[in-house]
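Student: Below is a structure I'd like to ask you about.
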Amino acid sequence: MNTPLRQPPVIGAVLVALLLTLPLLIAGCGSSMRVTHGYDHTVDFTVYQTYDWLPQPDDLGDPLVDAPEIAFQIKQAVEADLERKGYRKVDRAPDFYVVTHAALRQQLTRTYIDRWGYRYPPRRWPRRGVVVDLYDVGTLVLDVIDADTDELVWRGTATDVVAGDPDEVRAQADEAVRRILAPFPPR
48 MNTPLRQPPV
58 IGAVLVALLL
68 TLPLLIAGCG
78 SSMRVTHGYD
88 HTVDFTVYQT
98 YDWLPQPDDL
108 GDPLVDAPEI
118 AFQIKQAVEA
128 DLERKGYRKV
138 DRAPDFYVVT
148 HAALRQQLTR
158 TYIDRWGYRY
168 PPRRWPRRGV
178 VVDLYDVGTL
188 VLDVIDADTD
198 ELVWRGTATD
208 VVAGDPDEVR
218 AQADEAVRRI
228 LAPFPPR
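So our numbering is basically just the index in the sequence shown, starting at one, shifted up by 47.
Below, the structure is given as structure tokens:
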């Protein structure tokens, strides 16, 4: 006599929980960083050989954006990338200036769950509900300004969910700079 195999309720609950968290795990494995670029097509970027930093305000009122170690990390990453591309940092009369801007905003997402899943009398899993996630989204902007004209000639931006761990934030900053500067100078 063959009787159908029944899964215990615990296995069903674990399976549903796994199915709910799987998209988050997959999303966490790949980079969700969005990078954009734009530049003045009339500018001859081949004449640029030297650069310097434009001074920035010290305190913008955001603890993550104002964190000196993150600003230092970004500056080091930009300088290393520009040096690798053959640009020299100078104190006087640069060909272009570099300036960075950073912003942080909180974002809220809601996921609605409505009557699906496995049913084990007298339990029903899950019933109805809303999952609310609150997280920080950071944007890094890197501008290149012509030193002679004081005009913005190139801009790159990177936007991503900001990690909570300081070491991960530093790694994200490095990746953002690398990806922003990948197409600089435009050809």
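Note that CB positions come from ideal geometry on N, CA and C, so glycine has one too.
Check A140 in the structure and name its three-state DSSP category.
Tutor: Coil at A140, not helix or strand.
Student: If you run the structure through DSSP and keep just helix, strand and coil, what is R217?
Tutor: Three-state result, R217: helix.
Student: With a cut-off of 8 Å, do at least 3 Cβ pairs link the segment 212 to 224 to the segment 192 to 201?
Tutor: Touching, no.
Student: For the beta strand (DSSP E) that contains A205, what are its first and last residues?
Tutor: First-last of the beta strand (DSSP E) with A205: 199 to 208.
Student: Do you know how far the Cα of D180 is from the Cα of T158?
Tutor: About 8 Å.
Student: Use the C-beta contact count for Y182: other C-beta atoms within 10 angstroms, 16 or more gives buried, fewer gives exposed.
Tutor: Classification of Y182: exposed, given that the 10 Å Cβ count is below 16.
Student: Express the C-alpha separation of T204 and Q153 in angstroms, rounding to a whole number.
Tutor: Near 18 Å, if we compare the C-alpha coordinates of T204 and Q153.
Student: For P141, count the other beta carbons within 10 Å of its own beta carbon; 16 or more makes it buried, fewer makes it exposed. Which is it?
Tutor: Buried, by the Cβ-count rule.
Student: Measuring alpha carbon to alpha carbon, tell me which residue in R226, F231, G185 is nearest G211.
Tutor: With distances taken between Cα atoms, G211 lies closest to G185.
Student: Please report the residue range of the beta strand (DSSP E) in which V90 lies.
Tutor: No beta strand (DSSP E) contains V90, which DSSP labels as neither H nor E.
Student: Assign R225 to one of three DSSP states: helix, strand, or coil.
Tutor: Residue state, collapsed to three classes: helix.
Student: State yes or no: is the C-beta of Y134 within less than 8 Å of the C-beta of Q96?
Tutor: Their beta carbons are under 8 Å apart, which means Y134 touches Q96 by this criterion.
Student: Per DSSP, what kind of secondary structure is Q103 in: helix, strand or coil?
Tutor: In the structure shown, Q103 sits in coil (DSSP, three-state: anything other than H, G, I, E or B).
Student: Does the Cβ of D207 have 16 or more other Cβ atoms within 10 Å, making it buried, or fewer, making it exposed?
Tutor: By the 10 Å Cβ count, D207 comes out buried.
Student: Near W201, which residues of its chain fall below 6 Å by C-beta distance, leaving aside the five closest residues on each side in sequence?
Tutor: Result list for W201: Y86, V191, in chain order.
Student: Here's the rule I'm using: 16 or more other beta-carbon atoms within 10 Å means buried, otherwise exposed. How should Q123 be labelled?
Tutor: With fewer than 16 other Cβ atoms within 10 Å, it is exposed.
Student: When you compare the CB positions of D128 and L228, do they come within less than 8 Å of one another, or not?
Tutor: Going by C-beta atoms, D128 is nearer than 8 Å to L228.
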